[in-house]
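In what follows, a structure is listed as structure tokens, so that the remarks can point back to it.
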Amino acid sequence: MLFVGRVLLTGFEPFGGETVNPASRAVSRLAGKSMDGYEVVTKVIPTVFGKSAQAVQQAIREFEPSVVISVGQAGSTHSIRVERVAVNLDDASIPDNEGNQPRDAAIAAGGPVAYWSTLPVRPIVEALTGSMIPAYISYTAGTYVCNHVFYATSHFVAVNRLPVKVGFIHVPYLPEQVVRKPHVPSMSEEMIVGALEIAVAVAVSPKMHGNSQL
């Protein structure tokens with residue numbers, strides 16, 4: 000099959016004592032799918048400062064995607080969070096999977112304070128809620144490895160002037176992760192997978208070409 004382009008989806012390995020990560024599990028289920036003429040390629044990346052960003056950059060070089068959507072777990076969220084902005088700051092409240100815990104550190108020395116997502120953020124959220132999937136626009140991706148990847152990927156694309164849309168989506172815990180966490184929200188794997196399919200479809204829609212995040 001001839002594809003008009005590729006969409007790269009990345010998801011993190013489990014971290015913080017969890018044995019699964021809904022991001023990598025959902026992303027992996029979309030590997031090889033064809034959506035509106037675009038091939039979906041996926042990569043599970045380490046929850047490690049530096050190495051995670053390098054893995055995404057390597058995948059961009061390998062697959063030459065038109066769109067990159069990185070996906071991460073946000074244990075406190077009850078909805079799909081479509082992130083609008085990445086900030087130039089690593090400030091980890093817990094160590095990553097290799098024990099790194101940067102504090103008050105720039106991701107890119109001399110880089111911009113922040114990057115906007117170049118995905119059609121609001122149309123994605125509207126499409127999700129229109130499909131009865133809880134979702135909202137988020138204005139902070141945190142300062143952990145998720146934001147690190149979002150910012151570093153945006154910076155890599157900007158510096159190299161690549162024609163690539165970049166964005167980040169946070170997803171809730173899976174139900175199996177909250178069995179012993181009373182009152183902590185979760186979302187089914189099926190709904191998370193469906194949400195990512197919708198996000199990809201909106202991101203590659205011809206109607207969204209040239210659509211800004213604002």
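Position 146 of the sequence shown, counted from 1, bears residue number 145 in numbering that gives the first Met the number 0, the numbering being contiguous throughout. Here a beta-carbon is modelled for each residue, glycine too, at the ideal position from N, C-alpha and C. Because the structure is a prediction, the values reported are computed rather than measured.
A buried status is given to N20, since no fewer than 16 other beta-carbon atoms sit within 10 Å of its beta-carbon.
Excluding its 5 nearest sequence neighbours in each direction, A200 has C-beta neighbours in its own chain below 7 Å: M34, D35, listed in chain order.
Annotation: the continuous beta strand (DSSP E) that includes L7 extends over 4-11.
According to the DSSP assignment, I68 belongs to the beta strand (DSSP E) that extends over 66-72.
In the structure shown, Y138 adopts coil according to DSSP, grouped into three states. By the neighbour-count criterion, in which a residue is buried when 16 or more other Cβ atoms sit within 10 angstroms of its Cβ, V3 is exposed. In the displayed model, M34 falls within a strand according to three-state DSSP. By the C-beta criterion, the region 178-187 is judged not to be in contact with the region 95-110, since fewer than 3 inter-stretch pairs fall below 8 Å.
When M131, K206, G15, Q72 are compared, the shortest CA-CA separation from T9 is found for Q72. Of all alpha-carbon atoms in V144, E196, V39, V40, the one lying nearest the alpha-carbon of P94 is that of V144.
Here A113 has V84, A85, V86, N87 as same chain residues with Cβ atoms under 7 Å from its own Cβ, once five neighbours each way along the sequence are excluded.
When rounded, the separation of the alpha-carbon atoms in V67 and A202 is 10 Å. Residue environment analysis places H154 among the buried positions, since at least 16 neighbouring C-beta atoms fall within 10 angstroms of its C-beta. Looking at the DSSP output, D89 bridges to A104.
Here I168 is bridged, per DSSP, to V70, V81. C-alpha of M190 to C-alpha of V124: approximately 14 Å in a straight line. Within its own chain, the residues whose Cβ lies closer than 6 Å to the Cβ of S51, once the five positions on either side in sequence are excluded, are I44, P45, V144, V148, listed in chain order.
Contact between T152 and S69 holds: their C-beta atoms lie close to 7 Å from each other, under 8 Å.
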